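Quick notes on the structure that follows.
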Amino acid sequence: MPLTSPKEMFNAAYHGGYAIGAFNVNNMEIIQGIIQAGEAEKSPLILQVSAGARKYAGQNYIYKLMEAALEEADLPMVLHLDHGQTFEICRDVIEGGFTSVMIDGSHLPFEENIALTKQVVEYAHDRGVWVEAELGRLAGVEDEVSSEENVYTEPDEAVEFVERTGCDSLAIAIGTSHGAYKFKGEPKLDFERLDKITAMLPNFPLVLHGASSVLPEFVDMANQYGGKVADAKGVPEDFLRKAAKSGVCKINIDTDIRLAMTAVIRKFFQENPQEFDPRKYLGPARQAVKDMVQHKIKNVLGSSNRI
Ligand code: G3H
Ligand code: 13P
Ligand code: ZN
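Add 1 to the 1-based position in the sequence shown for the working numbering, that's all there is to it.
Dropping the structure here:
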């Protein structure tokens, strides 16, 4: 099956009250773990590549790994650029075969974000490629863009932004942030704002970044085996279920993959200090990615048996 566009996936998810997981990929084990989970759950998948991932693995390597995956797995899959910072990066990945791009102008003033997004939309739509944009800012680090504080998305600005840019989906800020330290006190998201945006943009797919749950199982395991991941806190899974029923069609998960792999590898090294064959620890790490992603698909996103 060739790489696909998010169009049909999001349409079905929107009306079915579930979301598609967008998982960040950086190497072969991560790609394989995610795809094995998608196959086990018969779930569509979005695999996304950040600027950091392109730098680490090389865009062509990731693309070729995806080609291999597509030959083996009979699943609808999107290859998406995560947090594209410039028109040129979006153009390069579109030329490289990606079926979806994010242009992240969220750090720019409103009018400049509109102008940049429009430029990408025109180029991408001529080539049948989907465009995700972002309005509002997430606290924390977004690749090279960092923002001290959340600036939540204004519903009327969201409507104007979508109308004027023609973007296909929109990442919104309602209180999530990237990384493992999302909340100081009780986790809280602005669901009222989400509901308002959804009501004002009917049938329009929204995207939630910074949506890892920072699973205590892996934080505890990492810490038990020598890690220092103190006071980590993520988005509770029931918040994600609720968002998926309110117009959020794409839920981004990266930190949970990192934590699962790291926890399992730390445990392995402590229990097997004599081992030095990378397959011995990358194998269990890949299995941990698969199990964690399968759990998300089945119990949180609700995208099982949708193909
Ligand atoms: O949004 C950020 C993603 O988690 C990607 O992170 O830039 O370190 O690859 P990265
Ligand atoms: P997390 O850091 O919560 O996994 O968010 C990932 C993300 O939004 C990638 O764009
Ligand atoms: Zn993000």
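Ideal Cβ placement from N, Cα and C applies to all residues, glycine included. Note that the structure is a prediction, hence the values are computed from the model and not measured.
- Straight-line spacing of the CA atoms in leucine 207 and alanine 14 works out to 11 angstroms.
- Assignment of arginine 242 by DSSP, reduced to helix, strand and coil, places it in the helix class.
- Ranked by Cα distance from isoleucine 90, the options Met78, Leu80 and Met103 are led by Met103.
- Nearest to alanine 245 by C-alpha distance, out of Ala286, Ala264, His179 and Asp196, is Asp196.
- In this structure aspartate 105 is buried. Its beta-carbon is surrounded by 16 or more other beta-carbon atoms within 10 angstroms.
- For alanine 134, the three-state secondary structure derived from DSSP is strand.
- Remark: the C-beta of glycine 53 is in contact range of the ligand G3H, defined as less than 7 angstroms to any heavy atom.
- Per the Cβ contact rule, the stretch 128–140 is in contact with the stretch 166–181 (3 or more Cβ pairs under 8 angstroms).
- Using a Cβ distance threshold of 8 angstroms, valine 294 and alanine 74 do not count as a contacting pair.
- Of the candidates Gly129, Leu260 and Ala69, the residue whose Cα lies closest to the Cα of isoleucine 95 is Gly129.
- Distance from the C-beta of aspartate 83 to the nearest heavy atom of the ligand ZN is below 7 angstroms.
- By the Cβ test, the stretch 39–50 is in contact with the stretch 68–88, since at least three Cβ pairs between them sit closer than 8 angstroms.
- Set against 7 angstroms, the gap from the CB of aspartate 255 to the closest heavy atom of the ligand G3H is smaller.
- By the criterion of at least three beta-carbon pairs nearer than 8 angstroms, the stretch 58–77 is in contact with the stretch 22–33.
- When the alpha-carbon of valine 152 is set against those of Val163, Ser178, Val160 and Thr166, the nearest one is in Ser178.
- Judged by their CB atoms, arginine 267 and alanine 223 are nearer to each other than the 8 angstroms cut-off.
- Residue pairing by DSSP places methionine 78 opposite Leu46 in a beta bridge.
- Looking only at Gly34, Val220 and Thr5, the smallest Cα-Cα distance to alanine 289 is reached by Gly34.
- At a threshold of 7 angstroms, alanine 134 does not count as near the ligand 13P, since its beta carbon sits no closer than that to any of the ligand's heavy atoms.
- With a cut-off of 8 angstroms on Cβ pairs, the stretch 275–282 is not in contact with the stretch 230–244, counting fewer than three such pairs.
- Taking C-beta separations shorter than 7 angstroms and ignoring five residues to either side along the sequence, the partners of alanine 58 in its chain run Asn27 and Asn28, following chain order.
- Counting only runs of 4+ residues, the alpha helix (DSSP H) found wholly inside the stretch 163–211 occupies 192–201, in chain order.
- Looking at the DSSP output, isoleucine 104 sits in a beta bridge with Gly85 and Ala134.
- Shown here, alanine 233 sits in coil according to DSSP, grouped into three states, outside any helix or strand.
- DSSP places lysine 251 in the uninterrupted beta strand (DSSP E) bounded by 249–254.
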